[in-house]
Amino acid sequence: MSSETNKILTTDGIPLEVSLKKAEKKNKIKAFLLVAPLLLFLIITYVFPIGEMFSRSIDDKMITNMLPKTFKEMEKWDGKELPPEEVFAAFYYDFKILVEKQEHGKLGQRLNKEKNGFNSITKKLFRQVKRKKIDESISIKEQIMKVHKRWRTVEYWQAIKRTAPPYTLAKYLKGMDMYYGADGSVVQVEEDRRIHRILWLRTLEIAFFVTLFCFLMGYPIAHLLATLPMKYSNLLMICVLLPFWTSLLVRTASWMILLQQQGVVNDFFVMIGLVADDNRPEMMYNKVGTYVAMTQILLPFMVLPLYSVMKTISPSLMRAGKSLGGTPFVAFWKVYFPLTIPGIGAGCLLVFILAIGYYITPALVGGASGTLISNQIAFHMKQTLDWSFASAMGLMLLSGVLVIYWIYNKLVGVDNIKLG
Amino acid sequence: MSKNPEFVKFDKVDKSYDGKVLVVKDLKLDIAEGEFITMLGPSGSGKTTCLMMLAGFETPTHGEILLDGNIISNIPPHKRGIGMVFQNYALFPHMTVYENLAFPLRVRKVEKDEIDKKVDKALSMVSLNGFETRMPAQLSGGQQQRVAVARALVFDPAVVLMDEPLGALDKNLRESMQYEIKHIHESIGVTVVYVTHDQSEALTMSNRIAVFNDGKVQQLSNPAELYEKPVNSFVAEFIGENNTFNGEVVDIDKDKCKVKLANSEILANPISVKSKGDKTTVSLRPERALINPTDKMDNMFTGKIEEVIYHGDHTRVRLNLLGSSEFILKVPNSTSNLELKVSQDINIGWNSTDARALDPK
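As structure tokens, then:
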């Protein structure tokens, strides 16, 4: 009641809040319209594809739609012994429809992925169905079991039951070198076939070291940029930005020219007698090449945030540190360095995240030991056409980045990031 | 205990940044122990450069700087033991007030208990007890300034340098800080070298003032003498207000000279004129000229009021006098105030001892 009477009114008697909203409405609409194209763009190019990727990575509806009757009957089956007549009958009727639509081959392939040996027995069953050898008036179970002995084996029926859910995490498990075993539990791939885990670790390792190298090289450059007089710092800034203005492919190609065994760097080493001519070190198509090229390419992403932070640090702070009795090192370590942490955080995060998903450079100079997880994703996108697996790995990469971001937020605080 | 009159000594110091222009020329300056000395001058006059050379951030191009008899030109800043208050305070923004004050003590490896005691003492000196855990950004400009002063004093330096420390504060705060710094100086007796371009600040705070212009010390004396007895036109112009007459000496003896202006003659005190025919600028403080003087004054003229500006405690009157319409008069506000009206004619008089014949402008 008191709040009613206390409500502030304008001179015309309209509540102030209402009046304010009215006055601001036009501006709000204008502001929204200004950002609307960008918002739309983001939704179309970012949110939608990620959602699409996610649904593709867990999608297992194909088989669910192929065998609707079978899965319905299987709900009643306990899965321990051979399924009852109803399941066999339902499977037969589902299969008949598939044969009419000529989709039985797809079913065989899909089931074969679940358990080896399905392909041949579905083909055998197909021939029986095609020739109308199955008599629908007597027990269908008996007739199917006669087609092949595997149709009499409970493990094959269990495999079919496992494919019932429309969604599966199998692709994610595959990305971590694991799969669903016969009893539905998660099983590790044999040790000599664990390719993905090696790639994940290598990706993290390379991203970590590239970030470290970028930091070690970028910090002094950024400091120089921030402290030099304008006319020199502009020139230096152009040198730092030059890689941005050159095509990534051209830069990578130039590293190939420099680093190959008959390349410029090796020639130079031989000329100054550092290495023997017949024993030139391999600096490309391995990790070294990936490190060198990626560090050079990602260096500006470290220098720029550092520079923008260092630019704001007053030179009188270092002077104060020294005049108060700190040696130049102490003044740097206790005064200057802590103030650059926001820039270090921003630079490292930026470089690490970019490095973790790097593709072209490792593909060109990485060779077998220098490729990253992104190359594997591209391989599945373009060669095996297993898009759902590529999507699953892409999402794992994305969630990895989010986890890193979260850890970073806990350690440094995202508010402390300064990008300029 | 006798104080060393040459505690800090600039001995024929030159400084050039580009090898073409000297920003400090042949500087000779002795600063006594415990003295509050101010380097005053317009921007670009070389005063801050002198301070930076003393702190060790710039090296003299020629000459030596001595601290307590020792040449310090080759000692790096962190070994000089000189406290410094910077123009923008230069507090470490990532440290609390306590950590800021403890910094100079920690790098000197002082014991923890001792640090606590000294920080506490320094904070009470600037009446900021209880602010230990605040960050600099949480303090007002005046408080930051006090922390900066406390930090420069906490490690008991022999000399404290202050580079326009009050420049960023508003007028009232600046004035109260002036007194505060002056009182701190008086109570602990540290030698202070203070740089400013604000003449009233310099007059308020200093024992002695060195007026800088063009890389040279124009005059070094105490505030009263600087104001009352400027030795050249620049100092007269720079410190306080000033009425000037340009003319030529036509007659001169020991303590009086006659200066011929465009169409009249005045009597003046010969300071830097030597002989007949010298060009000169005569300088007279506005408050030394009186309206309707009762005593016998040796300069008596009639002028016409051009403008009257009310200033509260005094009234400024601009006169057309002796061919110049820029003559300023300061009339103190009192109960017997005269009726001053524009275009009224009034009689003005001053003593020739107050009219100083200086070098020509």
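First to last, the protein sequences are chains A and B.
Counting with my numbering, you get residues 43 to 462 for the letters of the first sequence.
Counting with my numbering, you get residues 331 to 691 for the letters of the second sequence.
The beta-carbon is built from N, C-alpha and C at its ideal position, and this holds for glycine as well.
Q) Which runs of the alpha helix (DSSP H), 4 residues or longer, sit entirely within the segment 210-264 of chain A? A) You should have 212-217.
Q.
Counting only C-beta atoms, is A78 of chain A closer than 8 angstroms to chain B at any point?
A. The residue you call residue 78 of chain A lines up with position 36 of the first sequence. Not one chain B Cβ lies under 8 angstroms of A78 of chain A.
**Q.** Strand pairing of V490 of chain B, partner residues [DSSP]
**A.** Here residue 490 of chain B is taken as the residue at index 160 of the second sequence, counted from 1. Beta-bridge pairing links V490 of chain B to B:G413 and B:V522.
Q: List the residues of chain B that T369 of chain A touches, going by C-beta distances under 7 angstroms, in chain order.
A: For the purposes of this step, residue 369 of chain A is taken as residue 327 along the first sequence, with counting starting at 1. Those are H408, listed as they occur along chain B.
Q. Assuming L381 of chain B and D493 of chain B make a contact with CB atoms under 8 angstroms, what is their CB distance in whole Å?
A. Against the second sequence, residue 381 of chain B aligns to sequence position 51. Against the second sequence, residue 493 of chain B aligns to sequence position 163. Contact between L381 of chain B and D493 of chain B holds: CB atoms are separated by about 6 angstroms, below the 8 angstroms threshold.
Q | Three-state secondary structure (DSSP) of N593 of chain B | A | As a position in the second sequence, residue 593 of chain B is number 263, starting the count at 1. It is coil, neither helix nor strand.
Q. Counting Cβ pairs closer than 8 angstroms, one from the segment 344-360 of chain B and one from the segment 513-531 of chain B, do we hit at least three?
A. The segment 344-360 of chain B vs the segment 513-531 of chain B: no contact.
Q: Establish whether the CB of P690 of chain B and some CB of chain A are separated by less than 8 angstroms.
A: Locating residue 690 of chain B in the second sequence gives position 360, where the first residue counts as 1. By this cut-off, P690 of chain B is not an interface position.
Q.
Check for me: the beta strand (DSSP E) holding M630 of chain B runs from which residue to which?
A. Counting from one through the second sequence, the residue named residue 630 of chain B turns up at place 300. N629 to Y640 is the span of the beta strand (DSSP E), which, as asked, contains M630 of chain B.
Q: Give the straight-line distance between the Cα atoms of D625 of chain B and Y347 of chain B, rounded to the nearest whole angstrom.
A: In the second sequence, the residue the question calls residue 625 of chain B occupies position 295. In the second sequence, the residue the question calls residue 347 of chain B occupies position 17. Each residue's Cα considered, the two are about 56 angstroms apart.
Q. Nearest-angstrom Cα distance between A206 of chain A and K122 of chain A?
A. Here residue 206 of chain A is taken as the residue at index 164 of the first sequence, counted from 1. Here residue 122 of chain A is taken as the residue at index 80 of the first sequence, counted from 1. When rounded, the distance between both Cα atoms is 16 angstroms.
Q: Please classify E656 of chain B: does DSSP put it in a helix, a strand, or coil?
A: Here residue 656 of chain B corresponds to residue number 326 of the second sequence, with the count starting at 1. Secondary structure at E656 of chain B: strand, using DSSP grouped into helix, strand and coil.
Q) Counting only beta-carbon atoms, is P384 of chain A nearer than 8 angstroms to chain B? A) Locating residue 384 of chain A in the first sequence gives position 342, where the first residue counts as 1. Answer no: the Cβ-Cβ gap between P384 of chain A and chain B never drops below 8 angstroms.
Q: Over the uninterrupted alpha helix (DSSP H) stretch that includes W287 of chain A, give me the two end residues.
A: What you label residue 287 of chain A is simply residue 245 of the first sequence in a count that begins at 1. From DSSP, the alpha helix (DSSP H) with W287 of chain A extends over M272 to W287.
Q: Scan the segment 256-276 of chain A for residues whose Cβ lies nearer than 9 angstroms to a Cβ of chain B and list them as they occur along the chain.
A: Residues of the segment 256-276 of chain A with a C-beta atom less than 9 angstroms from some C-beta of chain B do not occur.
**Q.** Close beta carbons around A268 of chain A, own chain, < 8 angstroms, minus the five adjacent residues each side
**A.** Locating residue 268 of chain A in the first sequence gives position 226, counting from the first residue. Closer than 8 angstroms at Cβ, skipping near neighbours: S275, Y349, M352, K353 and I355.
(Q) Can you pull the chain A neighbours of A385 of chain B, defined as C-beta to C-beta under 8 angstroms? (A) Within the second sequence, the letter at position 55 stands for residue 385 of chain B. Listed along chain A are R361 and S365, each with a C-beta nearer than 8 angstroms to that of A385 of chain B.
Q: Have a look at the DSSP bridge pairing and note the partners of M336 of chain A.
A: Position 294 of the first sequence holds residue 336 of chain A. BP columns for M336 of chain A are empty, so no partner.
Q) Is D684 of chain B closer than 8 angstroms to L614 of chain B when the C-beta atoms are compared? A) In the second sequence, the residue the question calls residue 614 of chain B occupies position 284. In the second sequence, the residue the question calls residue 684 of chain B occupies position 354. With respect to D684 of chain B, L614 of chain B sits close: the two C-beta atoms are nearer than 8 angstroms.
Q. In chain B, which residues lie with their C-beta within 7 angstroms of the C-beta of V372 of chain A?
A. Mapped onto the first sequence, residue 372 of chain A falls at position 330. For V372 of chain A, the C-beta contacts it makes with chain B under 7 angstroms involve V437, in order along the chain.
**Q.** Buried or exposed (CB count within 10 angstroms, at least 16 for buried), I449 of chain A
**A.** Here residue 449 of chain A refers to the residue found at position 407 when the first sequence is read from its first residue. Exposed: under 16 other Cβ atoms inside 10 Å.
Q: Look at the alpha carbon of K172 of chain A and the alpha carbon of G93 of chain A, and state the distance between them as a whole number of angstroms.
A: Working through the first sequence from its first residue, we reach residue 172 of chain A at position 130. Working through the first sequence from its first residue, we reach residue 93 of chain A at position 51. Those two C-alpha atoms are separated by around 41 angstroms.
Q.
Against chain B, with Cβ distances strictly below 8 angstroms, would P19 of chain A count as a contact?
A. What the structure shows of chain A is the stretch from 43 to 462, and residue 19 of chain A is not part of that stretch, so it cannot be assessed.
Q: Under 9 angstroms between beta-carbons, which chain A residues line up against H424 of chain B? List them in chain order, please.
A: To locate residue 424 of chain B, count along the second sequence from 1; it is residue 94. Per Cβ cutoff of 9 angstroms: V377, P380, L381 and I383.
Q | Beta-carbon proximity of I299 of chain A to V306 of chain A, cut-off 8 angstroms | A | Numbered from its first residue, the first sequence carries residue 299 of chain A at position 257. Numbered from its first residue, the first sequence carries residue 306 of chain A at position 264. In contact: I299 of chain A and V306 of chain A (Cβ atoms closer than 8 angstroms).
Q) If you measure from the beta carbon of S346 of chain B to each beta carbon in chain A, is any gap under 8 angstroms? A) The sequence position of residue 346 of chain B within the second sequence is 16, counting from 1. S346 of chain B is outside the set of residues whose beta carbon lies under 8 angstroms from a beta carbon in chain A.
Q) So, is the C-beta of M414 of chain B closer than 8 angstroms to a C-beta in chain A? A) Here residue 414 of chain B refers to the residue found at position 84 of the second sequence. Yes, because at least one Cβ of chain A sits closer than 8 angstroms to the Cβ of M414 of chain B.
**Q.** Member of B:G374, B:G411 and B:E637 whose CA lies at the smallest distance from the CA of L384 of chain B
**A.** Reading the second sequence from its first residue, position 54 is the one you call residue 384 of chain B. With distances taken between Cα atoms, L384 of chain B lies closest to B:G411.
**Q.** Neighbour-count burial assignment, V317 of chain A, 16 or more Cβ in a 10 Å radius
**A.** What you label residue 317 of chain A is simply residue 275 of the first sequence in a count that begins at 1. Exposed.
Q. Using CA coordinates, which residue listed in B:V661, B:S536 and B:G607 is at the minimum distance from H513 of chain B?
A. Within the second sequence, numbered from 1, the residue matching residue 513 of chain B stands at position 183. Nearest option by C-alpha distance: B:S536.
Q. Would a C-beta distance cut-off of 8 angstroms place K606 of chain B and V579 of chain B closer than the cut-off?
A. Residue numbering aside, residue 606 of chain B sits at position 276 when the second sequence is read from its first letter. Residue numbering aside, residue 579 of chain B sits at position 249 when the second sequence is read from its first letter. Yes.
Q. Can you give the Cα-Cα distance for A619 of chain B and M630 of chain B, rounded to whole angstroms?
A. As a position in the second sequence, residue 619 of chain B is number 289, starting the count at 1. As a position in the second sequence, residue 630 of chain B is number 300, starting the count at 1. About 10 angstroms.
Q.
Excluding the 5 residues flanking Y221 of chain A on each side, which residues of the same chain have their C-beta closer than 8 angstroms to its C-beta?
A. For the purposes of this step, residue 221 of chain A is taken as the residue at position 179 of the first sequence. For Y221 of chain A, same chain residues with a beta-carbon under 8 angstroms away, outside a window of 5 residues either side, are A212, L215, V228, V229 and V231 in chain order.
Q: Please confirm whether I367 of chain B and V523 of chain B have their CB atoms less than 8 angstroms apart.
A: As a first step, residue 367 of chain B is located in the second sequence; it is residue number 37 there, counting from the start. As a first step, residue 523 of chain B is located in the second sequence; it is residue number 193 there, counting from the start. Remark: C-beta atoms of I367 of chain B and V523 of chain B approach each other more closely than 8 angstroms.
Q. Hey, is the segment 405-422 of chain B in contact with the segment 475-489 of chain B, meaning 3+ C-beta pairs nearer than 8 angstroms?
A. Taking a contact to require three or more Cβ pairs closer than 8 angstroms, the segment 405-422 of chain B and the segment 475-489 of chain B qualify as touching.
Q. Which residue comes first and which comes last in the beta strand (DSSP E) that contains F540 of chain B?
A. Numbered from 1 along the second sequence, position 210 holds the residue referred to as residue 540 of chain B. The sequence given here places Ala at residue 540 of chain B; Phe does not occur at that position. Note, A540 of chain B: beta strand (DSSP E), R538 to N543.
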